[in-house]
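Just so you know, the working numbering puts 703 at position 344 of the sequence shown, and the rest follows in order with no gaps.
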Amino acid sequence: MKPRPIPLAAVVAVLLCGVSAAASTPPELRDVLLKSAVRIRYERGEGNAIITGHGTAFGVDLRQYGYAGRRCLLSAAHNVLDDSKKPYADLKVEIQEGTRSWWSQSTVLAYDGDLDICLVQAGDDLPCLLRLAPADASIGSPVLLAGSPRGVPVALFEGILTKRFERGSARSAAQVAFDHGDSGGPIVAVPSGEVLGVAVAGVPKDGDLDHNIGLFVPLAAVTAFLEEHRRGAPLDTPQIARVVPAVVAPASVPAEKILVAASAAKPVTAPAAPALLPESTPRPAQAPKVTLSAPEIVAIAPVNRAEIPVPAPQPKAAPALAAQFLPPPPPAQPAEQSSGTHVVQSGENLTRIARQYNVTLVQLVAVNKLSDVNRVLIGQKLVIPDSANSRN
């Protein structure tokens with residue numbers, strides 16, 4: 360199979376957009392994004408040839424989901440899965456430290472082919488980690504995409520959030536320079552630098568892509584995916600890291616909530632192999648066919664918590680927020696439950712409820728239009744999706 364020719368005009372336009380973003384992005388935010396976003400590649404044999412495909416991934420702080428260390432990355436699932444939907448055996452991410460760089464052997468920890476998102480673990484510590492945003496952004500908000508178009512080094516691209524996820528769609532959209540290879544990069548809020556989603560696709564146009572539109576997995580779906588693959592209770596022990604304050608963040612926002620970077624006292628140790636591993640000119644992998652239609656798994660807009668019914672206090676009632684990480688209490692029958700619904704009891708959480716009814720956490724969040732997978736109220740009535748449909 361011959362590689363597709365790269366439209367020169369498209370490459371030039373994308374690179375120029377990257378230069379524009381670099382000029383107007385605060386230096387500290389630019390530095391952290393360029394260190395946390397990395398190229399990810401796979402290699403596979405095809406006859407006597409070795410085919411190399413490129414995409415983007417980014418380091419993310421997942422202590423709140425029980426992941427210790429500085430080796431976790433998020434990316435697009437199609438960057439790590441072969442034609443049989445199995446993770447590539449030879450998967451690497453490019454780690455840079457100062458003037459040195461090397462390709463670190465990596466492993467896929469979890470993936471969701473429908474959402475097109477995956478969790479990857481690098482073989483070495485990452486120099487920088489990003490944090491997930493506490494809430495989604497509104498339409499018209501400025502965003503940045505860190506990506507590696509056509510496999511070139513990671514660059515930054517400014518954009519505007521133009522379409523938020525809604526029922527029937529598992530994607531949000533931004534007006535931003537987008538090309539093959541940017542999939543898997545972070546969409547971050549400006550100026551906080553916190554992650555709003557994972558870029559996964561472009562919109563087909565004239566046999567290629569519309570280079571002004573990028574689609575991404577929204578924050579609610581990202582957090583639902585991570586909750587479903589939680590490793591344990593939140594970790595309070597700080598990682599070896601230093602805090603990089605954002606230049607234009609409000610003074611009232613603690614610096615540790617903005618960005619996490621690598622420790623200056625303990626630099627990343629490169630493998631014994633040469634610091635810079637040569638990379639042959641890659642043949643661009645056949646880009647997956649992307650359409651605007653989305654899978655049945657849906658992400659939901661935030662709800663008005665004032666509309667959630669809260670029952671009157673009962674004697675010895677547990678706190679209003681269900682204990683998400685306490686040991687589960689003895690099984691108890693719901694006080695009120697009808698066909699297709701479940702009333703939340705003390706000690707329950709969304710993960711346990713989803714498993715009880717043999718549905719996915721993502722589907723449970725979607726059907727009930729929940730904006731926060733970590734918050735559920737005692738007495739709250741949840742609609743339970745049909746288990747057969749939710750697993751399809």
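Cβ coordinates follow ideal geometry from the N, Cα and C atoms, glycine included.
Note that the structure is a prediction, hence the values are computed from the model and not measured.
Query	Result
N- and C-terminal bounds of the beta strand (DSSP E) containing A713	Note, A713: premise wrong, no beta strand (DSSP E); alpha helix (DSSP H) at L709 to Q715.
Range of the contiguous beta strand (DSSP E) that encloses R398	A396 to E405
7 Å Cβ shell around Q464 - same chain, five flanking residues per side excluded	K451 and G482
Cβ-based neighbour list, I712, same chain, cut-off 7 Å, excluding 5 preceding and 5 following	H701, L723 and L741
Simplified DSSP state of V735, which is helix, strand or coil	coil
Limits of the alpha helix (DSSP H) - the one that E586 falls within	L578 to E587
Whole-angstrom distance between Y716 and S434, CA atom to CA atom	30 Å
Residues that DSSP places opposite L432 in a beta bridge	G418 and V479
In DSSP terms, what I454 is bridged to	W461
Buried versus exposed call for P744 [16 or more other C-beta atoms within 10 Å across all chains shown]	buried
Distance between beta carbons of G540 and G510, contact taken as under 8 Å	5 Å
Assigned exposure category for A496 - 16 Cβ within 10 Å defines buried	buried
For V419, the nearest candidate out of R714, K394 and F575 (CA to CA)	K394
Burial state of D449, where buried means 16 or more other Cβ atoms lie within 10 Å	exposed
Member of V581, G573 and Q534 whose CA lies at the smallest distance from the CA of G556	V581
Residue from P550, V703, W461 and I572 with nearest C-alpha to P501	P550
A408 classed as buried or exposed, judged by whether at least 16 other C-beta atoms fall within 10 angstroms	exposed
Rounded C-alpha distance that separates Y426 from G414	24 Å
Spatial distance of A560 from R459 (CA atoms)	31 Å
G573 classed as buried or exposed, judged by whether at least 16 other C-beta atoms fall within 10 angstroms	buried
Rounded straight-line distance, which links the Cα of V535 to that of T384	15 Å
Pairwise C-alpha distance: G404 and I498	44 Å
Whether L468 touches L478 by CB criterion (7 Å)	yes
Beta-carbon proximity of E456 to R398, cut-off 7 Å	no
Beta-carbon proximity of F417 to P545, cut-off 7 Å	yes
Beta-bridge partners of S568, as assigned by DSSP	First, the residue type needs correcting, since residue 568 is Leu and not Ser in the sequence shown. DSSP lists P563 as partners of L568.
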